[in-house]
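**Q** With positions in the sequence shown counted from 1, the corresponding number in my numbering is that position plus 205.
Idealized CB from N, CA, C, for every residue including glycine.
The structure that follows is given in the form of structure tokens.
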Amino acid sequence: MTLLDVTDLRVSFPTEDGLVRAVQGISFTLDPGQTLGIVGESGSGKSVCTQTIMGLTRGAQISGTAMFEGRDLLTMGDNDLRKIRGAEIGMIFQDPLSSLHPQYKVGWQIVEMIQAHEDISTKAATKRAVDLLRLVGIPQPDRRVDDYPHQFSGGMRQRAMIAMSLALNPKLLIADEPTTALDVTVQAQIIDLIERLQAEFNTAVIMITHDLGVVADIADDVMVMYAGKPVEFADRRTLYYRPHHPYTKGLIESIPSAEGERGRLKPIQGQPPSLIRLPSGCSFHPRCPYVMDQCVTEIPPLRQVAGSADHRSACWLPVDEVGIGGEVDRKREQVALARRGTLAAESSDVIDSVDVPDGSAADVPADVGADTTTRGRTQPLASTATRAVRARTGQPAPPARPQRRGATATEAVTAAPVKKAAPKTSAKKAVAKKTVASKTAGTTAKKTTPRRTNSSQNGSTS
Ligand SMILES: Nc1ncnc2c1ncn2[C@@H]1O[C@H](COP(=O)(O)OP(=O)(O)OP(=O)(O)O)[C@@H](O)[C@H]1O
Ligand code: SF4
Ligand SMILES: [Mg+2]
């Protein structure tokens, strides 16, 4: 049964400069245990989308529906929403420091969260807080539970946020860039942690990130957002190996090599548009190397394209041209050239400059260019390091840059599968079982019956 069904979600903010159209027409569904990755550049509306679902965008103009187990979160009263937040839907915020109160002990904040939703003694709630901190890998949790947030490192604060978001065993976990600003070792650990907890409790996850490497690791389906709109939707394998939208293609081509080679990346040229004054037609057209006249005048709808049964893209290029590299790119270019008139030629800054000119900001090795403005957060640079960590730890790398230049789409599809390797999964389950066993000691929690009610746990801890 569908857990979350979002239909035509639109969110705008009235400001002095005009109406900021932050989210324009997002629809998706999520089943229990499923992971949806939402990717896009900074300012594309990823956080506003999920914050609105959680009732956290006051003052915004909102339309659409967000049905959670049959109830519309967008029209729900504050009291009902408060009950759902934390208990049914957990959220890991982008910035853990702003989410943890600096003047209260970490453990106390977890206890308060639990007690806000459950009739449970402070002693029992504290014990559960300690168990949760242990579960997320905080060393000496019975001592660190009394620390203040500033006594935690960035990675520990992020783990504490995860502990808090899992405290009531939510059915849905929204993780908004949970690994941003963490060092790469910690990033990989946090992703692994979320993944194994999800496997254990069948939690649905929405993973917001600008890092396609993270999405490759964890997502079942991926929604790519650009300027407030979904521009491509597909299962992760299709998205990586057979993308349709030039923006998705650009994101993938800007992933640093999985092998750590220092070849040139192909960054997306230009900057995202203002959400107050969007370009006409396709919002991506000023940056698109394939721009055609139609792109300047008509907004492309999200439509079914080749690749897989549920592969949709909002682009005027032929629906059967999916993939990256060689032949597919050539066909795209031919189509674009044939349909390109003066409108497209005048509107685009990047037409005919697909190759990155020497000496430009883009013409630098991945690690050197990590903080350059033009790359911004379009560039999933963390993924290089994350993959390096995985390589060191013997974990399989995500399918970054499967579409090496010159490879055909068919070659790419038959390349290494995206699925996680069995040994990794088994190891994760073993660890998860161990940690969960300590969390639910004395209870009869089973993998197939996630802790949807906490009564047994309460009983064991009080
Ligand atoms: N309260 C608000 N008032 C006006 N504009 C807002 C408000 N909140 C968000 N926005 C704007 O909405 C747009 C989308 O913001 P959002 O935070 O969703 O981006 P994002 O995709 O999460 O980016 P990032 O990757 O940087 O977190 C941005 O242009 C932002 O400035
Ligand atoms: S080809 Fe046209 S419709 Fe497709 S992304 Fe480029 S500008 Fe947009
Ligand atoms: Mg955000």
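Does lysine 310 come out as helix, strand or coil in the three-state DSSP assignment?
**A** Reduced to three states, the DSSP call for lysine 310 is coil.
**Q** Apart from the five residues on each side of it in sequence, which residues of its chain come closer than 6 Å, Cβ to Cβ, to leucine 548?
**A** Asp498, Val501
**Q** Measuring alpha carbon to alpha carbon, tell me which residue in Ile231, Thr240, Leu214, Leu224 is nearest aspartate 426.
**A** Thr240
**Q** What is the DSSP secondary structure of glutamine 392, reduced to helix, strand or coil?
**A** Note: glutamine 392 maps to helix in three-state DSSP.
**Q** Is there at least one non-hydrogen atom of ligand 3 closer than 7 Å to the beta-carbon of phenylalanine 382?
**A** With the sequence shown as reference, residue 382 is identified as glutamate, and phenylalanine is not the correct amino acid for it. At least one heavy atom of ligand 3 is nearer than 7 Å to the Cβ of glutamate 382, so yes.
**Q** Between methionine 430 and proline 346, what straight-line distance do the alpha-carbon atoms span, to the nearest angstrom?
**A** 39 Å
**Q** Measure the beta-carbon distance from valine 211 to isoleucine 258 and round it to whole angstroms, keeping in mind my assumption that it falls under 8 Å.
**A** Yes, valine 211 and isoleucine 258 are in contact; Cβ-Cβ is about 7 Å, under 8 Å.
**Q** Grab me the residues of lysine 634's own chain with a C-beta within less than 6 Å of its C-beta, minus the 5 sequence neighbours each way, in chain order.
**A** Below a pLDDT of 50, predicted positions are generally treated as unreliable, and lysine 634, at 35, falls in that range; no measurement from the model is reported.
**Q** Rounded to whole angstroms, what's the CA-CA distance from arginine 276 to isoleucine 289? Just pull it up for me.
**A** 11 Å
**Q** Return yes when the Cβ of leucine 279 is within less than 8 Å of the Cβ of glycine 291, no when it is not.
**A** In this structure, glycine 291 keeps its C-beta atom at 8 Å or more from the C-beta atom of leucine 279.
**Q** Going by C-alpha to C-alpha distance, which of Pro435, Gln363, Val341 sits closest to leucine 398?
**A** Val341
**Q** With 16 other CB atoms within 10 Å as the buried threshold, where does asparagine 284 fall?
**A** exposed
**Q** What does the alpha-carbon distance come out to for the pair alanine 620 and valine 419?
**A** For alanine 620, the predicted structure reports a pLDDT of 32, less than 50, and the residue's modelled location is therefore unreliable. A value from the coordinates is still provided. Between alanine 620 and valine 419, the C-alpha separation is close to 19 Å.
**Q** Less than 7 Å between the CB of methionine 497 and some heavy atom of ligand 2, yes or no?
**A** yes
**Q** Let's test the definition: count the other Cβ atoms within 10 Å of the Cβ of proline 307 and tell me whether it reaches 16, buried, or not, exposed.
**A** exposed
**Q** Cβ of glutamate 503 within 8 Å of Cβ of leucine 377?
**A** no
**Q** Drop a sphere of 10 angstroms on the beta-carbon of proline 344, count the other beta-carbons inside from all chains shown, and report buried for 16 or more, exposed for fewer.
**A** exposed
**Q** Assuming isoleucine 668 contacts alanine 380 (C-beta within less than 8 Å), just tell me the rounded distance between them.
**A** Residue 668 lies beyond the residue range present for the chain, which begins at 206 and ends at 667; the question has no answer from this structure.
**Q** Let me know if isoleucine 325 comes out buried or exposed under the rule of 16 or more other beta-carbons within 10 Å of its beta-carbon.
**A** buried
**Q** Run the proximity test for valine 225: is its beta-carbon closer than 7 Å to any non-hydrogen atom belonging to ligand 1?
**A** yes
**Q** Are the beta-carbon atoms of isoleucine 267 and isoleucine 413 separated by less than 8 Å?
**A** no
**Q** Using three-state DSSP, classify glutamate 221 as helix, strand or coil.
**A** coil
**Q** Nearest CA to the CA of alanine 154: which residue from Leu542, Ile457, Ser479, Phe438?
**A** This structure does not reach residue 154, given that the chain is present from 206 up to 667, and the question cannot be answered.
**Q** Could you check which residue in Glu246, Leu214, Gln229 has the C-alpha nearest to that of proline 472?
**A** Glu246
**Q** Just the Cα atoms here: how many angstroms apart are glycine 312 and arginine 349?
**A** 8 Å
**Q** Is phenylalanine 273 a contact residue of ligand 2, with contact defined as CB to any heavy atom under 7 Å?
**A** no
**Q** Output needed for leucine 262: all residues of its chain with C-beta closer than 7 Å, excluding positions within five of it in sequence on either side, in chain order.
**A** Correcting the residue type first, residue 262 is threonine in the shown sequence and not leucine. Hits under 7 Å: Val216, Val253, Gln256.
**Q** So, helix, strand or coil for isoleucine 258, using DSSP?
**A** Helix, per DSSP.
**Q** Taking Cβ to Cβ, would you say valine 436 is nearer than 8 Å to alanine 541?
**A** no
**Q** Please list, in chain order, all residues of the same chain as glutamate 221 whose beta carbon is under 8 Å from its beta carbon, the five residues on each side excluded.
**A** none
**Q** Where do the N-terminal and C-terminal ends of the alpha helix (DSSP H) with serine 370 fall, by residue?
**A** Per DSSP, the continuous alpha helix (DSSP H) segment holding serine 370 begins and ends at 359-371.
**Q** From the DSSP output, which residues share a beta bridge with leucine 669?
**A** Because residue 669 is not part of the residues shown, which for the chain are 206 to 667, the question remains open.
**Q** Tell me the rounded alpha-carbon separation between threonine 207 and phenylalanine 233.
**A** The straight-line gap from Cα to Cα measures roughly 10 Å.
**Q** Tell me the rounded alpha-carbon separation between tyrosine 446 and serine 303.
**A** 37 Å
**Q** Tell me where the alpha helix (DSSP H) around proline 346 begins and ends.
**A** Per DSSP, proline 346 belongs to the alpha helix (DSSP H) from 346-349.
**Q** Taking only beta-carbon atoms, is arginine 348 less than 8 Å away from chain D?
**A** In the displayed structure, chain D is absent; only one protein chain is listed.
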